[in-house]
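Trainee: Sharing a structure, written as structure tokens. Questions coming.
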Amino acid sequence: MQIGFGLWQEQTQKLVMTPELRQAITVLQFSSQELLEYIENEMTHNPVIEWSASDWAKVAQQQREGMGRERASLREAKEVPFEAVVRKPETLQEHLLTQLALLHISPLERKIAEYIIGNLDTNGYLSMDITEMASLLRVKAADVEKALHHVQSLEPTGVGARNLRECLLLQLREMGEDTPVMSKLVQEHLQDLADAKYSKIAESLGITQLEVQAASDLLKTLDPKPGRAYSDEHPAYVVPDITIEKVGGEYVVVLNDRVLPRLHINDFYRGILSGGKKDVCSETREYITGKLNSALWLLKSIEQRRNTIYKVTQAIVEMQRDFFEYGIDGLKPLTLRQVAEKVELHESTVSRATTGKYVQTPRGVFELKYFFTSGVSTDFGGSASAESIKAKIKKWIAQENPKVPLSDQKITDLLKQEGIQISRRTVAKYREEMGILSSAKRKRI
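By the UniProt record's numbering, the letter at position 238 of the sequence shown is numbered 238, and the numbering carries on one by one without gaps.
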């Protein structure tokens, strides 16, 4: 066997992920807020990029107005209403410690109670064991129990509970509803209540099913997570990337460019490369050239993102026109491939252009992904989207007789009467996705 060496030519195709292509993909998948943060970060590393003069003027004007308002507020401090003062929301721990300071208890009990409050989770529950806390604090378990009792006496009622049952019992006690029947119901039959086994509970407690249902209604008014009202989580704000407006009889797509600064190349560095600065060394020119190319690629990527989102949104509007005209009943099944073929882009590009992007329409604010939905066939040769079917199911259940709720099979039959071919299993799946209980658990006596 002989091994030979030689030279030959071979033509192949490869997809090379260049830094520029990677940047374009990254920019496309950003939301407006994420893109703004990305641009600001790039500007800190690339002196060639800067905001346009009009944007700088706007920022300066806002700063001047802000300083003017600040001076005016100082002059009129005595006239500022109390309601105008903005303060940080009170946390659960702060709320409880404020109340604890008003209790007449011993220093040891206060110390233990403060420790307990510091170990409550966001829902207001205590997950640590009494003996564990006693060991850590080097006190008696009875002292911890007494301090816990003080904590459980604070508002909101139910905080300091070690489990759901204790939380509900604390609230029932506050309401004066902690009867033997209610206590046994909470301690022994919560799962049976969740499964709507009213007959089993009635037989066990020696009461009627109607009384069990009334007790269940009372428990539903209690708060299983009393600490969540003091959550320190900040609300998430959505800034629509696109606006769809109806002008005359047509729907017009308008991109929201106001949230992004208008960028351009700094004239000083442009002058250096054009030969205006003769005393600049070659290394400096090379550095500026690299930064200029990077800036141009960023501007190109932003413009490409803008055009892609516009084209994709325009295609969605054309293919989902019935939704904008008639609401969710007009929503049609739509896939990424259908839009990709219409705008002549790859499916992955359409996916990136729609993920995390929100559109403001005459019917509300939606994520672009909302318009991509599966569907089932109809007797009329078309198809109905999953979202429109869910809307019908939700509407029928809201209007049902609670004593004779609609079963999944009955809903299936109603849909078939409208020409929608769907299985009972699919109806059950849609109902569960909407968080709606089964007919057996919705039934009222």
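Here a beta-carbon is modelled for each residue, glycine too, at the ideal position from N, C-alpha and C.
#1: Mark K357 as exposed unless 16 or more other C-beta atoms lie within 10 angstroms of its C-beta, in which case mark it buried.
#2: Going by DSSP, what residues sit across from L120 in a beta bridge?
#3: Would you mind listing the alpha helix (DSSP H) stretches within the stretch 95-120 that are 4+ residues and don't spill past its ends, in chain order?
#4: Starting from the C-beta of W51, find all residues in its chain whose C-beta is less than 6 Å away, skip the five residues before and the five after it, and write them out in chain order.
#5: Please report the straight-line C-alpha distance between T361 and N256, rounded to a whole angstrom.
#6: For R228, which residues in the same chain have their Cβ closer than 8 Å to its Cβ, ignoring the five residues on either side in sequence?
#7: Given this structure, state the Cα-to-Cα distance separating E145 from A161, to the nearest angstrom.
#8: What three-state label does DSSP hand S153 in the structure shown?
#9: Smallest Cα separation from K246: which of S351, D408, R363?
#10: Should I49 be labelled buried (16 or more other beta-carbon atoms within 10 Å of its own) or exposed?
#11: Using DSSP's beta-bridge definition, name the partner residues of G375.
#12: Taking the continuous beta strand (DSSP E) assigned at T284, which residues delimit it?
#13: By Cβ distance, which residues of its chain are closer than 7 Å to V253, with the 5 residues on each side in sequence left out?
#14: Do you know offhand how far K429's Cα is from I130's?
#15: Which residues mark the beginning and the end of the alpha helix (DSSP H) in which T412 is found?
#16: Determine, for A215, whether the minimum Cβ-Cβ distance to residues of chain B falls below 7 Å.
#17: Return the residue from the list E347, L103, E325, L298 that minimises the CA-CA distance to R22.
#18: Using the beta-carbon count (16 or more within 10 Å), is S32 buried or exposed?
#19: Using C-beta distances below 7 Å, list every residue in its chain close to Q320, excluding the 5 sequence neighbours before and after it, in chain order.
#20: Name the two residues that bound the continuous alpha helix (DSSP H) containing I201.
#21: Comparing alpha-carbon positions, which option in E174, R431, N401 lies nearest A391?
#22: P156 and P226: beta carbons closer than 7 Å?
#23: Is the separation between the beta-carbon of L185 and that of I445 shorter than 7 Å?
#24: Please name the residue in L170, A147, D217 whose C-alpha comes closest to that of I112.
#25: What does a CB cutoff of less than 6 Å around F324 pick up in its chain, not counting 5 residues either side in sequence?
#26: So which of E109, A215, G158 has the shortest CA-CA distance to R138?
#27: Out of R305, L168, D143, point me to the one whose CA is closest to Q29's CA.
#28: If you follow the alpha helix (DSSP H) that V239 is in, where does it begin and where does it stop?
#29: In three-state terms, what does DSSP make of V259?
#30: Closer than 7 Å by C-beta to W396: which residues in its own chain qualify, once you throw out the five before and the five after it? Chain order, please.
#31: Since T361 is in the alpha helix (DSSP H), which residue starts that stretch and which ends it?
#32: On the DSSP bridge assignment, give the partners of T243 in chain order.
#33: Helix, strand or coil: how does DSSP classify F366 here?
#34: Does DSSP put I422 in a helix, a strand or coil?
#35: Taking the Cβ atom as the reference point for each residue, do T208 and A215 lie within a distance shorter than 7 Å?
Mentor: So, to answer that:
#1: buried
#2: L126
#3: 107-118
#4: P261
#5: 13 Å
#6: T122, N123, G124
#7: 12 Å
#8: coil
#9: R363
#10: buried
#11: S385
#12: Careful: T284 lies outside any beta strand (DSSP E), inside the alpha helix (DSSP H) at 282-319.
#13: I242, I244, Y310, T313, Q314, V317
#14: 43 Å
#15: 408-417
#16: In the structure shown, chain B does not exist; there is a single protein chain.
#17: L298
#18: buried
#19: L331, K332, L334, F371
#20: 198-205
#21: R431
#22: yes
#23: no
#24: A147
#25: Y251
#26: E109
#27: R305
#28: Counting along the chain, V239 falls outside any alpha helix (DSSP H), and DSSP gives it neither H nor E.
#29: coil
#30: L406, I411, L414
#31: First-last for T361: 358-361, but that is the beta strand (DSSP E), not the alpha helix (DSSP H).
#32: V254, Q360
#33: strand
#34: coil
#35: no
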